[in-house]
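Heads up, the thing below is written out as structure tokens.
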Amino acid sequence: MLATVASEKADARRARRRRAEARVEQAAQALPPGSMQRLARTETVLRPYRQGLVPEGLRSTPLSRHLEVVRDEVLALESMVLTLPRARHRDGDSIRRALTLLRGFGRIGALDFETVPIEERPTLVAILALEYRWCFAAAGTTPRAFKIEIGRTGAR
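Counting from 529, one number per residue, gives the positions in the sequence shown under my numbering.
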């Protein structure tokens, strides 16, 4: 009996994980290849800072270049989302995809940023804000629609 309950819980965890992976794959189909690897891209940008390879006084730092790329990507996605019907912003699939992508954003937010110089911190904050907006745009919804739907369902 106890083994059966443990087995059912393990099966439920695996099924939940598969559903989350399917939502990410579904979101990835509408995006350019490679854009779903947000955490890996951010770690790649932070690597020179961790290794001390970014000379001071550069006009174009890895973070500033990454900011431009992320900004262009987010603006393109948000303009695409605005062309979608509002009902699509609020449908369950979009909301669940946004939740899944926000988990990835949480992993980015948990990275160690102490090696980033103080002068670069505003750029880092701007990148994190854009990554947050990217989660909603890639899911096909808006932050406002997401907030309304989450409040309506009581999910937290």
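For each residue, glycine too, the CB sits at the ideal point set by N, CA and C.
All values reported here derive from a predicted model rather than from experimental measurement.
| query | Between Glu668 and Val609, which are expected to be in contact by the criterion C-beta below 8 Å, what is the C-beta distance as a whole number of angstroms? | reply | Per the sequence presented here, residue 668 reads as Gly, with Glu not at that position. By a beta-carbon distance limit of 8 Å, Gly668 contacts Val609. Their separation comes to about 6 Å.
| field | In chain order, each alpha helix (DSSP H) run of at least 4 residues that lies wholly inside the stretch 535-615 | value | Qualifying alpha helix (DSSP H) stretches, in chain order: 566-578 and 590-610.
| Mind checking whether Leu595 and Ala654 have CB atoms under 8 Å apart? | In this structure, Ala654 lies closer than 8 Å to Leu595 by Cβ.
| task | Put Phe493 into one of helix, strand or coil per three-state DSSP. | result | The structure shown has nothing for residue 493, since the chain only spans 529 to 684.
| message | Let me check understanding here. Comparing Cα to Cα, which of Arg546, Arg569, Leu658 and Ala657 lies closest to Pro590? | response | The residue among Arg546, Arg569, Leu658 and Ala657 with its C-alpha nearest the C-alpha of Pro590 is Arg569.
| Given 8 Å as the limit, is there contact between the stretch 538-551 and the stretch 622-635, that is, 3 or more CB pairs closer than that? | With the cut-off at 8 Å, the stretch 538-551 and the stretch 622-635 touch.
| task | Report the rounded CA-to-CA distance for Val533 versus Ala665, giving the unit in angstroms. | result | Straight through space, the alpha carbons of Ala665 and Val533 are spaced by roughly 39 Å.
| request: Using alpha carbons as the reference points, say which of Glu571, Gln557 and Thr670 lies closest to Thr611. | output: Out of Glu571, Gln557 and Thr670, Thr670 has the C-alpha closest to the C-alpha of Thr611.
| In or out: Glu584 buried (at least 16 other Cβ within 10 Å) or exposed? | Residue environment for Glu584: exposed (fewer than 16 other C-beta atoms within 10 angstroms of its C-beta).
| request: Check whether the Cβ atoms of Arg566 and Ile678 lie closer than 8 Å to each other. | output: In this structure, Ile678 does not lie closer than 8 Å to Arg566 by Cβ.
| query | Start and end of the alpha helix (DSSP H) containing Ile655? | reply | Ile655 -> alpha helix (DSSP H) spans Arg649 to Ala667.
| Which class does Phe641 belong to by DSSP, given the choice of helix, strand or coil? | Here Phe641 sits in coil by DSSP.
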